[in-house]
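Undergrad: Can you keep this structure in mind? I'll have questions shortly.
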Amino acid sequence: MNIGFPFKLSIIVFIFLISIFKINAQENLLESTINKARELRDKGDFEKAAETLIEFNNKYPDNVWVMRLYAETLYWMEEYEQAGVVYNRAYMLYPNDYDVIYEYSLMLYSWGKYNDCIKMLEKYTAKYDNVTEAYTMLGISQYYIGNYSSAQRNLRAAIKLNPDDNHTNAIYTEVLRIIKPWLKIGTTYSTDSQPFNTLFPVLAAGKYFTPLLNISIAAGYQQFSSDTLNENFRYLKLKNNFTLKKIGLNANMYAGYYSTSSSQKSNLIWGIALKQRLAKTLYLDLSTKKDPYVYTPFSALESFTTQLSSISIERYKSAKWNLKAAYINEIFPDDNYTQTAYLWFLSSAMKLSIFEFYAGYAFSYSDSKESRFMPLYSSNDEENSNNSIPGTYNPYFTPNQQYTNSVLVNLLIKPSNNVHIKVHSSIGFYSTALNPYLYYDYNNNGNLIVKRDFYKETFTPMDIGLDFETSISRNLILKFSYSYIQTLYFNTNNFNINLKVYI
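Offset between the sequence shown (1-based) and our numbering: plus 746.
Here it is as structure tokens:
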């Protein structure tokens, strides 16, 4: 009797049953492990949850469910690099598991790895074209790296799926305003106590082409007036802004000319400003420019340019504490110069409903090589030698050992996504300067001359202002601003209004 076949069959059945038992046991262990890890994680015991998942993975390596949960747990533990390693291995082992792809994308997005995130999401949206969040993340990632045309396309797809998503709509509007041609018309009116009034209408237009070519052109007509002054300046500027996001560099450059009503001669003006990201929230700014100096009545009459250069380092993060330190040097045509150093910091935002409140402190120091405080008129009359001599800064203002301490208070109000209001104030305390005065004296030859000296004076510098911006539509922005500035020498009120249209 041949018993070989029945015996072999029974062995196969036995092995099959044992395999089923092992598979069921492994599946039960997997389910209990995942449930236990989730329970521990929900209680906040992330380390114990991670240990539970590692123990299972050591027995049964590379289970996709365990890898996903382990990577997510590591991310919550802020072990970002290790979470990335686990997600990347899961993706390499299961390249067509779209749950892995989506979760990996979420981590890359929140971690700021936008280029890698884009690769994942492009694959995901090619398979699933009805997931709003995927298109939103893809569009915003492309926006952050400066790929605005692709960002526009994917954000539009997200809005089509969910038209009521305010955040996506806001980013989409911002992208449109970058890539669309625009036209802006506005005017500034200033009046101060020198006395000195300025009216400055400006017409500007611009177009974004590439990250290296974002050009604009502006024409302005600046009118200066007082009881003894009537002068006009005409400006034309061509500007380009370019960005190299890979190295964190942004640059603004402009060149143009201006002329005055009293002289038809054209004068060259130019400037360049560089902003380099040194770390995630740390920036270095360098700038220099050659522009007309128009801050006193005599400077408007004489028409001259200065070379103003600055360097600053800034710690900036939206709604967090911020700090800036800077140095400014301004050189005049007569080789005189003024220099200013300042430091300020602002607290993190204190939020209440639609309000954001910031408080801080600022310090500055300003000085000049030589004073330009001059007699208002010439006189060598000995009969008036005991009288005080009225003076003014001619042709430009020169601070002398000026120290300021100021309290900063800013308030942001956002009643809606389309309206932003900012109130800023800088109120000085214990601020001093050497204030000049003029008097008569005799020189060695016995001739009556005018001399200059200084006395220490305490004053209250002040800068208070309001900025109002409203998006009338996606293609129309209206802005209004007002500021009051009080210095040792003069007070000024500035008003500005402009309308920007995206075509």
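Ideal Cβ positions, reconstructed from N, Cα and C, are used throughout, including at glycine. The model shown is predicted, which means the values in this text are computed figures rather than measured ones.
What span of residues does the alpha helix (DSSP H) with D1037 cover, start to end?
TA: That residue, D1037, is in no alpha helix (DSSP H); its beta strand (DSSP E) goes 1028-1038.
Undergrad: Along the chain, where does the alpha helix (DSSP H) containing M866 start, and where does it finish?
TA: Run containing M866: 860-873, per the alpha helix (DSSP H) assignment.
Undergrad: Name the residue from S895, S896, Y894, Y848 whose alpha carbon lies nearest to the alpha carbon of Y874.
TA: Residue Y848 is the option with its Cα nearest to Y874.
Undergrad: Going along the chain, which residues of its own chain have a beta-carbon closer than 8 Å to the beta-carbon of F970, five neighbours each way excluded?
TA: Correct list, in chain order: F942, N943, T944, N976, E977, N978, F979, V1040, P1043, A1046.
Undergrad: Residues in its own chain within less than 8 Å of V832 by CB, not counting five upstream and five downstream?
TA: Here the set comprises M813, Y816, A817, L820.
Undergrad: When the Cα atoms are used, what is the spatial distance from V846 to N915?
TA: Near 28 Å, if we compare the C-alpha coordinates of N915 and V846.
Undergrad: Would a C-beta distance cut-off of 8 Å place M853 and A829 closer than the cut-off?
TA: In contact: M853 and A829 (Cβ atoms closer than 8 Å).
Undergrad: Which partner residues does M999 have in the DSSP bridge list?
TA: The partner list for M999 (beta bridge, DSSP) reads N986, I1018.
Undergrad: Closer than 8 Å, CB to CB, is I924 near chain D or not?
TA: No chain D is part of this structure, which consists of one protein chain only.
Undergrad: Taking the alpha-carbon positions, what's the L1212 to I1231 distance?
TA: Between L1212 and I1231, the C-alpha separation is close to 12 Å.
Undergrad: Can you give, in chain order, each stretch of the alpha helix (DSSP H) that sits fully within the stretch 870-933 and has at least 4 residues?
TA: Counting only runs of 4 or more, we get 878-890, 894-907, 912-925.
Undergrad: Are the beta-carbon atoms of S1055 and T1034 separated by less than 8 Å?
TA: For S1055 and T1034, yes; Cβs fall inside 8 Å.
Undergrad: Note the first and the last residue of the continuous beta strand (DSSP E) segment covering G1174.
TA: 1165-1188 is the extent of the beta strand (DSSP E) around G1174.
Undergrad: Quick one: what's got a C-beta closer than 7 Å to Y855's C-beta in the same chain, skipping five residues either side?
TA: Same-chain partners within the cutoff: C863, M883, S887.
Undergrad: Taking buried to mean at least 16 other C-beta atoms within 10 Å of its own C-beta, is V921 buried or exposed?
TA: It is buried - the Cβ of V921 has at least 16 other Cβ atoms within 10 Å.
Undergrad: Is the beta carbon of Y967 closer than 8 Å to that of N960?
TA: No.
Undergrad: Starting from N847, trace the alpha helix (DSSP H) both ways and give me its first and last residue.
TA: Residue identity differs from the one stated: residue 847 is Ile in this sequence, not Asn. Looking at the DSSP string, the run of the alpha helix (DSSP H) that includes I847 is 844-857.
Undergrad: On the criterion of 16 or more Cβ atoms from any shown chain inside 10 Å, does I1223 qualify as buried, or is it exposed?
TA: Classification of I1223: buried, given that the 10 Å Cβ count is 16 or more.
Undergrad: Which first and last residues belong to the alpha helix (DSSP H) in which N830 is found?
TA: The residue asked about is misnamed: residue 830 is Gly in this sequence, not Asn. Segment 826-839, the alpha helix (DSSP H) holding G830.
Undergrad: Pick helix, strand or coil for F1044, following the three-state DSSP scheme.
TA: DSSP places F1044 in helix when its eight states are reduced to three.
Undergrad: In terms of residues, what are the limits of the beta strand (DSSP E) holding E818?
TA: Looking at the DSSP string, E818 is not in any beta strand (DSSP E); the run it does join, the alpha helix (DSSP H), is 810-822.
Undergrad: What number of angstroms, rounded off, separates the C-alpha of D910 from the C-alpha of V1155?
TA: About 35 Å.
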